[in-house]
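S.K.: Residues 0 to 226 (numbering that gives the first Met the number 0) are what the sequence shown spells out, left to right.
Beta carbons: idealized from backbone N, C-alpha and C, even for Gly.
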Amino acid sequence: MFYYVLKHVLLGPLLRLLFRPRIEGLERVPETGAAIIAGNHLSFADHFLMPAILRRRITFLAKAEYFTGPGLRGRLTAAFFRSAGQIPVDRSGKEAGQAAIREGLGVLSQGELLGIYPEGTRSHDGRLYKGKVGVAAMALKAGVPVIPCAMIGTFEAQPPGQVLPRLRPVRIRFGAPLEFSRYEGLENEKAILRAVTDEIMYAILELSGQEYVDRYAAEVKAEETSR
């Protein structure tokens, strides 16, 4: 209930007013049935803008830090994300990644939309980074289509570290659904998972027009921070 109040009464109308999102390809998101929406991740605002414009409910795999912050602010943030139906994901290792895949498959098994950012973290410089293979594993195991999505302008509106967003129009573009039935039964093959993930990232790249970096965002961010 809170999700729909948030979307249609509280947050959704406000986001539409502030960011005036221009939406392209919304008809490519299926009206029923399970599917994955895989997008680039440029801003904290992405978590709210995409759900606000979709006709259907979408559940995101959100980083666990949103649910474990200290103090009153941390408790309020955790309560907000839980009420909005988001699932915490521990990104600290291989076993954590498997747990995230299980959670995602649970959402898909109920015929729902699952939102995921294959880069695994927000881009710190506006570029598109190499995708992690969890999105491919879920798509192949669940046998569902993947709809690529590009957020355009959200980095400029609210780059990492900026609390209050700048009020400016953004674009949200959805691409044609990608289906991978040709790889049925090969969901444990590393080369297949890499190929599927790269295909998804290329589709996002075509929609977003970003510069692509064939490295993981977290690695590049860590290197730059340590300098």
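#1: Along the chain, where does the beta strand (DSSP E) that runs through E188 open and close?
#2: Of the residues G174, L192, K220, which one's Cα is nearest the Cα of A202?
#3: Classify R165: buried if its beta carbon has 16 or more other beta carbons within 10 angstroms, exposed otherwise.
#4: Where do the N-terminal and C-terminal ends of the alpha helix (DSSP H) with L48 fall, by residue?
#5: Just verifying my parser: in three-state terms, what is the DSSP assignment at Y116?
#6: Is I146 closer than 7 Å to P176 when the C-beta atoms are compared?
#7: Straight-line CA distance for G160 to T196?
#8: Considering only C-alpha positions, which residue in the set F47, H40, R27, E30 is nearest to R17?
#9: Apply the 10 Å Cβ neighbour rule to V132 and answer buried if 16 or more other Cβ atoms are within range, or exposed otherwise.
#10: Three-state secondary structure (DSSP) at G105?
#11: I'd like to know if the region 102–117 and the region 16–36 are in contact, where contact means that at least 3 CB-CB pairs between them fall below 8 Å.
#12: What did DSSP end up calling Y201 once you bin it into helix, strand or coil?
#13: In this structure, does DSSP put L127 in helix, strand or coil?
#14: In the DSSP assignment, what are the bridge partners of F173?
#15: Just to check my reading of the structure: Y128 and V212 have Cβ atoms closer than 8 Å, yes? What is that Cβ distance to the nearest angstrom?
#16: To which residues of the same chain is T58 closer than 8 Å at the C-beta, ignoring the five residues directly before and after it?
#17: Return the residue from the list G125, L13, T153 that minimises the CA-CA distance to F43.
#18: Alpha carbon to alpha carbon, what distance is there between A37 and K220?
#19: In the structure shown, what three-state DSSP assignment does G38 receive?
M.R.: By the coordinates alone:
#1: Unbroken run through E188: none, as it is neither H nor E.
#2: The candidate whose alpha carbon is nearest that of A202 is G174.
#3: So R165 counts as exposed.
#4: Unbroken alpha helix (DSSP H) run through L48: 45–52.
#5: In this structure, Y116 counts as coil in the three-state DSSP scheme.
#6: It is a contact, given that the beta carbons lie within the stated cut-off.
#7: Each residue's alpha carbon lies about 28 Å from the other.
#8: In the sequence on display, residue 17 carries Leu and not Arg. Distances from the alpha-carbon of L17 to those of F47, H40, R27, E30 put F47 closest.
#9: With 16 or more neighbouring CB atoms inside 10 Å of its own CB, V132 falls in the buried class.
#10: In the three-state scheme derived from DSSP, where H, G and I count as helix and E and B as strand, G105 is classed as helix.
#11: Note that the region 102–117 touches the region 16–36; at least 3 beta-carbon pairs, one per stretch, sit closer than 8 Å.
#12: Three-state result, Y201: helix.
#13: Judged by DSSP in its simplified three-state form, L127 adopts strand.
#14: DSSP output for F173 lists C148 as bridge partner(s).
#15: Going by Cβ atoms, the distance from Y128 to V212 rounds to 5 Å, so yes, they are a contact pair.
#16: Contacts found: G84, Q85, I86, V106, E111, L112, L113, G114.
#17: Ranking G125, L13, T153 by Cα distance to F43 puts T153 first.
#18: Roughly 21 Å separates the two Cα atoms.
#19: In the structure shown, G38 sits in a strand (DSSP, three-state: E or B).
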